[in-house]
Amino acid sequence: MEFAGKTALVTGSGAIGGLGHATARVLAGGGADLILTGTDPQRGAQVVEDLRAAGGECAGTVRFVPADLSDSAAVRQLVEDAGAVDILINNASVMTFSPTTEQDLASYDAAFAVNVRAPFLLTALLAEKMAAGGGGSIVNVSSTAAGLGMPGMAVYGATKAALESLTRTWAAEFAESNVRVNAVAPGPMRTSKVVAAMGPDMGGMGLTTALKRTSDPAEVAHVIAFLASDRASYMTGAIVAADGGRTAI
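Here is the structure:
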């Protein structure tokens, strides 16, 4: 098992049917010990139960640590609670959808706090620990909104563009410490949250891709797991589009 003996911290993993949950399942299937985090302990417990119920498919240990990533003190406490981490998946995200002229500052600040500041702090605090342990891997979850002009997505797109910029900078900063940093940019994806809000066809968003369909979270999770693994040992600073060809056409 390629992740046996490694500990992975996956943010935004406290909801069944989300990308964090799917990523946790793939990593656990590879033998990783998992630290999951989200804001709702009850929903987090459901994810933990799901992973444990998978039995042999999820060989490592799993625990949930509640944390509000918009609170810098809570982020620092999460790092303390997590202990040694080999893999960091910066997946937690707040999505805002509003025309620029109608965007409220509270939502603006919340998006940047969770989507940019939290990954910044987690990376700053954990990369040194990874280096001390011989290296590690960080995977940031971006979005096609980082590189496409989408009405109503000014704030969300800006946070993801910032995360992609940080990915490249961190790759340069931490290379000598054997800490690789990459990002995945998903396209239209059928997470439980999006389907609940938009319906199963997601407003036809799949038709905007070359493959003419939306993705299952597991499809993106496998890309994340690849980047986190030693199979991607020569990759750092990469932004990998897992978007069904959305940005290619």
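Residue numbers (full-length UniProt numbering): 1 to 249. No residue lacks a Cβ here, since even glycine has one placed at the ideal position from N, Cα and C. Just so it is clear, the structure is predicted and the values come from calculations on it, not from any experiment.
First and last residue of the uninterrupted alpha helix (DSSP H) at residue i
i      : result
LEU211 : Neither: LEU211 is in no alpha helix (DSSP H) and is coded neither H nor E.
THR7   : That residue, THR7, is in no alpha helix (DSSP H); its beta strand (DSSP E) goes 7 to 10.
SER192 : 192 to 198
PRO226 : The residue asked about is misnamed: residue 226 is Phe in this sequence, not Pro. Its alpha helix (DSSP H) spans residues 217 to 228.
ASP201 : No alpha helix (DSSP H) holds ASP201; DSSP gives it neither H nor E.
LEU27  : 19 to 29
ARG52  : 41 to 53
heavy atom of the ligand MG below 8 Å from residue i C-beta
i     : result
SER72 : Inclusion of the ligand MG in the displayed structure is not the case, the ligand content being empty and no account of it being possible.
Per-residue burial, residue i [other beta carbons within 10 Å of its own, 16 or more giving buried]
i      : result
ARG52  : exposed
LEU36  : buried
PRO119 : buried
MET153 : buried
THR144 : buried
ASP33  : buried
GLY203 : exposed
SER233 : exposed
LEU207 : exposed
THR11  : buried
Residues near residue i by beta carbon distance below 8 Å, same chain, minus five either side
i      : result
ALA74  : ALA67, ASP68
THR123 : LEU88, ASN90, ILE138, LEU166, TRP170, VAL181
ALA210 : GLY244, GLY245, ARG246, ALA248, ILE249
GLY133 : ALA84, ASP86
Residues of its chain near residue i, where Cβ-Cβ distance is below 7 Å and the 5 sequence neighbours each way are ignored
i      : result
THR191 : GLY17, GLY18, LEU19, PRO217
Delimiting residues of the beta strand (DSSP E) encompassing residue i
i      : result
ALA183 : 179 to 186
GLY38  : 33 to 38
ILE239 : 239 to 242
Neighbourhood of residue i by C-beta distance below 6 Å, restricted to the same chain and skipping five residues each side
i      : result
SER137 : ILE87, ARG180, ALA228
ALA28  : LEU34, LEU51, CYS58, GLY60
ALA221 : ALA22, THR23, VAL26
VAL48  : VAL62, PHE64
MET130 : GLY136, VAL179
SER107 : THR96
ALA242 : VAL184, PRO186, VAL220, VAL223
Distance CB(residue i)-CB(residue j) smaller than 9 Å
i           : j      : result
ILE239      : ALA185 : yes
residue 296 : ALA111 : Residue 296 is absent from the model: the chain starts at 1 and stops at 249.
LEU8        : VAL65  : A quick correction: the sequence has Ala, not Leu, at residue 8. Not in contact: ALA8 and VAL65 (Cβ atoms no closer than 9 Å).
ALA4        : GLY83  : no
GLY38       : SER13  : yes
GLY198      : SER215 : Gly is not the amino acid found at residue 198; the sequence shown has Met there. For MET198 and SER215, no; Cβs fall outside 9 Å.
ALA172      : GLY237 : yes
THR159      : VAL194 : no
Counting only runs of 3+ residues fully inside the segment 66 to 142, write out the beta strand (DSSP E) ranges in chain order. DSSP runs (the beta strand (DSSP E)) wholly in the segment 66 to 142: 87 to 90, 136 to 141.
Sequence ranges, beta strand (DSSP E) only - wholly within the segment 151 to 180, length at least 3: Runs of the beta strand (DSSP E) inside the segment 151 to 180: none found.
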